[in-house]
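*Asks:* Below you'll find the structure I mean.
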Amino acid sequence: MALSSTKSFSGGLVLGVGAVAAALAGGKALNALSTSRGHPWKHRALDLGSAFLQRKYPLDAMSTYLDGLHMYADDTGRQVHAAHFCIHLEHDLHQCVIFDRNARDARLIGIEYIISEDRFRALPDEEKTLWHSHHYEISSGILTAPGVPEIAEHAYFEDLVKTYGKTFHTWQYDVHEFPYGAPQLMMGFTEDGQVREDLLRTRDREVGVSTERNRERRGDIPVPEVAQGANAWESGRVMQTALQERTVRR
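Sequential numbering from 983 applies to the sequence shown in the numbering used here.
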């Protein structure tokens, strides 16, 4: 992420969270809503009313759309598409919600926090094991900002390349049709040969980007030395969450 508000490019990376343009006219309109993706018409009517009458301040502020791939911290062969929608919360902290794709019916699959290198280096050693670097995601072209002019994206990623992220996926949609289980720690790629080429090609086609082209035009972005403690999975041992029964404290 761009970690200085003065560097944020004007109007860039805007995701319009617009109101739904629809009108309800009598019983026929309500009946038509009942056929939309199997949702009861009452739920659809509430959605439409909410679009007109409610302000969603956190969603409106999430104007940055970044598209990438994640892998499970303890099973790097399991890799998934991740569409990020983020807000620059503080000068050295961003927060993102993650979906399986950029679509109206996308599944909410996780969250990511992104911090500056200085803030990462100040973390306790145990905490650092949960974080991954962004140096390779940027330099390789895997992480992208679809639709943004090249010059603006380039300036943006000059800052992002120096940041670190902590990501948990709450929906293992690659194996479950429903959000079962404990949240899972995810990691980012750190060198060539790790990403599944079939998944990358599919992502590029669906989003309309070229990872190869991204890589070429970012060749002049300086790649920082990764701070010690990040990308813990590379050591062969990593933290991962699991459900554990515990006595309730009262």
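Beta carbons: idealized from backbone N, C-alpha and C, even for Gly.
1) Specify, as a first and last residue, the run of the beta strand (DSSP E) that arginine 1060 falls within.
2) Helix, strand or coil for leucine 1105, going by three-state DSSP, please let me know.
3) Would the beta-carbon of threonine 1149 fall within 8 Å of that of serine 1098?
4) Spell out a yes or no on whether the stretch 1062–1074 and the stretch 1083–1090 are touching, meaning 3 or more CB-CB pairs, one atom from each, closer than 8 Å.
5) Taking leucine 1051 as the reference, give the member of Glu1094, Lys1038, His1073 with the closest Cα.
6) What does a CB cutoff of less than 7 Å around tyrosine 1054 pick up in its chain, not counting 5 residues either side in sequence?
7) For phenylalanine 991 and threonine 1046, what's the separation of their Cα atoms in angstroms?
8) Which value, in whole angstroms, describes the spacing of the CA atoms of leucine 1030 and glutamate 1108?
9) Among the residues of its own chain, which have a CB less than 6 Å from the CB of arginine 1197, if the five just before and after it don't count?
10) Quick check on this structure: which residue in Arg1185, Gly1147, Val1177 has the alpha carbon closest to the alpha carbon of aspartate 1057?
11) Where in the stretch 1130–1199 do unbroken runs of the beta strand (DSSP E), each at least 3 residues long, occur, reported from the N-terminal end onward?
12) Determine the direct distance from the alpha carbon of glutamate 1173 to that of methionine 1221, and round the result to whole angstroms.
13) Give me the Cα-Cα distance between glycine 1103 and alanine 1209, rounded to the nearest whole angstrom.
14) Let me check one thing: in DSSP terms, what residues is tyrosine 1079 bridge-paired to?
15) Return helix, strand or coil for leucine 1051, following the three-state DSSP convention.
16) Among the candidates Gly1147, Glu1135, Gln1226, whose CA atom is the shortest distance from the CA of valine 1191?
17) Excluding sequence positions up to five away, which residues of its chain have a Cβ less than 7 Å from the Cβ of aspartate 1180?
18) Using the C-alpha atoms, what's the distance from isoleucine 1069 back to arginine 1195?
19) With histidine 1116 as the anchor, note down where its alpha helix (DSSP H) starts and where it stops.
20) Between the alpha carbons of glutamate 1072 and aspartate 1100, how many angstroms are there, rounded?
21) Measuring CB to CB, does threonine 1152 end up less than 8 Å from isoleucine 1096?
22) Excluding the 5 residues preceding and the 5 following histidine 1076 in the sequence, name in chain order all residues of the same chain whose CB lies nearer than 6 Å to its CB.
*Replies:* With the given structure in hand:
1) Taken as a continuous stretch (DSSP letters only), the beta strand (DSSP E) holding arginine 1060 covers 1057–1072.
2) Three-state result, leucine 1105: coil.
3) Contact check for threonine 1149 against serine 1098 fails: the beta carbons are separated by 8 Å or more.
4) Contact between the stretch 1062–1074 and the stretch 1083–1090 is present, because at least three Cβ pairs lie under 8 Å.
5) Nearest of Glu1094, Lys1038, His1073 to leucine 1051, Cα basis: Glu1094.
6) Here the set comprises Arg1060, Gln1166, Met1168.
7) For phenylalanine 991, the pLDDT reaches just 31, beneath the cut-off of 50, and the residue's location in the model is therefore unreliable, although a value from the coordinates is still provided. About 11 Å.
8) If I take the Cα positions, the gap works out to 45 Å.
9) Excluding residues within five positions, the ones whose Cβ falls inside 6 Å are Ser1122, Gly1123.
10) Residue Val1177 holds the alpha-carbon nearest to the alpha-carbon of aspartate 1057 among Arg1185, Gly1147, Val1177.
11) DSSP runs (the beta strand (DSSP E)) wholly in the stretch 1130–1199: 1146–1151, 1166–1169.
12) Cα to Cα, methionine 1221 sits roughly 21 Å from glutamate 1173.
13) Sequence check: residue 1103 is arginine here, not glycine. For the pair arginine 1103 and alanine 1209, the Cα-to-Cα distance works out to about 7 Å.
14) According to the sequence shown, residue 1079 is valine rather than tyrosine. Answer is Phe1067, Ile1093.
15) Looking at leucine 1051 - three-state DSSP - the assignment turns out to be strand.
16) It is Glu1135 whose Cα lies nearest to the Cα of valine 1191.
17) Nothing listed; no residue qualifies.
18) Going from the Cα of arginine 1195 to the Cα of isoleucine 1069 covers about 27 Å.
19) Counting along the chain, no alpha helix (DSSP H) covers histidine 1116, and no H or E run does either.
20) Here the alpha carbons of aspartate 1100 and glutamate 1072 stand approximately 14 Å from one another.
21) Contact: no.
22) Taken in chain order, the residues that qualify are Met983, Cys1068, His1070, Ile1096.
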